[in-house]
Amino acid sequence: MAKIIDGKAVSQQVKDEIRAEIERDGLSIGLAVVIVGNNQASRVYVNNKKKACEVCGIKSYEYALPEETTEEQLLELVDTLNEDKNINGILVQLPLPKQINEEKIIERISPEKDVDAFHATNVGKIMIGNYAFLPCTPAGVMELIHSTGTEISGKECVVIGRSNIVGKPMAMLLLHENATVTICHSRTKDLAEVCRRADILVSAVGKADFVTADMVKDGAVVIDVGMNRNAEGKLCGDVKYDEVEPKASYITPVPGGVGPMTIAMLMKNTLMAKKLQG
Ligand code: NAP
653 MAKIIDGKAV
663 SQQVKDEIRA
673 EIERDGLSIG
683 LAVVIVGNNQ
693 ASRVYVNNKK
703 KACEVCGIKS
713 YEYALPEETT
723 EEQLLELVDT
733 LNEDKNINGI
743 LVQLPLPKQI
753 NEEKIIERIS
763 PEKDVDAFHA
773 TNVGKIMIGN
783 YAFLPCTPAG
793 VMELIHSTGT
803 EISGKECVVI
813 GRSNIVGKPM
823 AMLLLHENAT
833 VTICHSRTKD
843 LAEVCRRADI
853 LVSAVGKADF
863 VTADMVKDGA
873 VVIDVGMNRN
883 AEGKLCGDVK
893 YDEVEPKASY
903 ITPVPGGVGP
913 MTIAMLMKNT
923 LMAKKLQG
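Going left to right, the sequence shown walks through residues 653 to 930 as our numbering numbers them.
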């Protein structure tokens with residue numbers, strides 16, 4: 653039977669440490685949270701991020717723009733926030749409405765305020781291994797693995813998914829800690845066989861019940877990044893939890909696993925932004 657990795661508890665610990673540091677050093681930190689349109693999931697994420705700011709002692713400034721906002725208008729807001737001394741971090745909640753080019757917006761955010769670490773400059777730094785901002789979700793996964801006491805160096809790690817925000821930076825962070833990393837995607841042949849090699853298996857696919865017991869080695873650490881809705885509309889991950897859990901040594905639940913860690917890492921980046929900006 654696997655030990656369950658409690659993402660809520662680990663994330664609370666991270667947030668407590670951030671709050672303690674902010675109080676100790678008397679820091680005044682501002683995070684701009686920009687949301688465009690009426691996407692309900694985005695609204696939930698933004699509310700959770702604002703709540704986490706409150707817990708950590710970070711001031712959040714919400715900019716809620718209408719669905720029909722133009723790219724030019726959003727770029728103007730980003731320019732204003734880049735210049736604003738009270739704002740240390742800028743977060744533009746994705747996805748954006750289709751008339752707005754997301755890449756253009758991300759590239760306009762000052763790399764020093766890019767607390768999501770999506771800007772090409774920050775992505776490049778992650779690649780080199782010399783970075784200040786952590787890619788939030790992958791960094792959260794690393795904290796969860798560390799919390800188990802599992803040694804990463806020399807281990808076989810398999811990441812399913814190669815997106816710019818999860819799969820690729822996830823593989824980089826594992827590589828920086830000397831794992832042997834395989835990245836899988838929709839064209840991977842014999843996926844189950846590749847996954848069975850993993851001492852640490854990270855799934856970031858976005859499909860419910862995707863990872864089944866036959867894909868998991870006995871005693872593997874299984875990290876489920878997926879956030880999906882099952883047939884009953886309930887939040888679930890990628891992993892078929894009931895059948896994988898007995899085989900794994902450690903496993904993250906959904907909800908309560910990687911999700912809370914992503915937000916805690918965002919708070920950590922916002923504190924880092926303040927420190928970088930002085
Ligand atoms: P994404 O951009 O859609 O990427 C999904 C990846 O899965 C792609 O690389 C895709 O391969 C791969 N894939 C799809 N079908 C596959 C198959 N049959 N076999 C092998 N690989 C397959 O998604 P994402 O943004 O990385 O997010 C992934 C999941 O994580 C989603 O459920 C998302 O909601 C969740 N998420 C959670 C958090 C959190 O805080 N918990 C944060 C971010 C994302 P190709 O590249 O070949 O298409």
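No residue lacks a Cβ here, since even glycine has one placed at the ideal position from N, Cα and C.
Item, Value
"Counting by C-beta, which residues lie closer than 5 Å to a heavy atom of ligand 1, in chain order?", "Thr789, Gly813, Arg814, Ser815, Val818, His837, Ser838, Ala856, Val857, Gly858, Val877, Gly878, Met879, Val910, Gly911, Thr914"
"Start and end of the beta strand (DSSP E) containing Ser712?", "711 to 717"
"Secondary structure at Glu808, three-state DSSP: helix, strand or coil?", "strand"
"With three or more beta-carbon pairs closer than 8 Å as the criterion, would you say the stretch 685 to 701 touches the stretch 719 to 738?", "yes"
"Going by DSSP in three states, Lys655 sits in which element: helix, strand or coil?", "strand"
"Give the range of the beta strand (DSSP E) segment to which Asp731 is assigned.", "Run containing Asp731: none in the beta strand (DSSP E); it sits in the alpha helix (DSSP H), 723 to 735."
"Just to confirm the assignment, what range does the alpha helix (DSSP H) spanning Val775 have?", "772 to 780"
"By how many angstroms is the C-alpha of Cys788 removed from the C-alpha of Asp768?", "6 Å"
"If we require 3 or more residues per run, which beta strand (DSSP E) segments fall completely within the stretch 800 to 874?", "808 to 812, 832 to 836, 852 to 855"
"In whole angstroms, what separates the C-alpha of Val793 from that of Val873?", "11 Å"
"Is the beta carbon of Ile875 closer than 7 Å to that of Ala831?", "no"
"With a threshold of 16 other CB atoms inside 10 Å of the CB of Pro905, please say whether the residue is buried or exposed.", "buried"
"Would you decide whether Ile780 is buried or exposed? Buried here means 16 or more other CB atoms lie within 10 Å of its CB.", "exposed"
"Measure from the alpha carbon of Ile761 to the alpha carbon of each residue in Lys750, Asn774, Pro749, then state which is nearest.", "Asn774"
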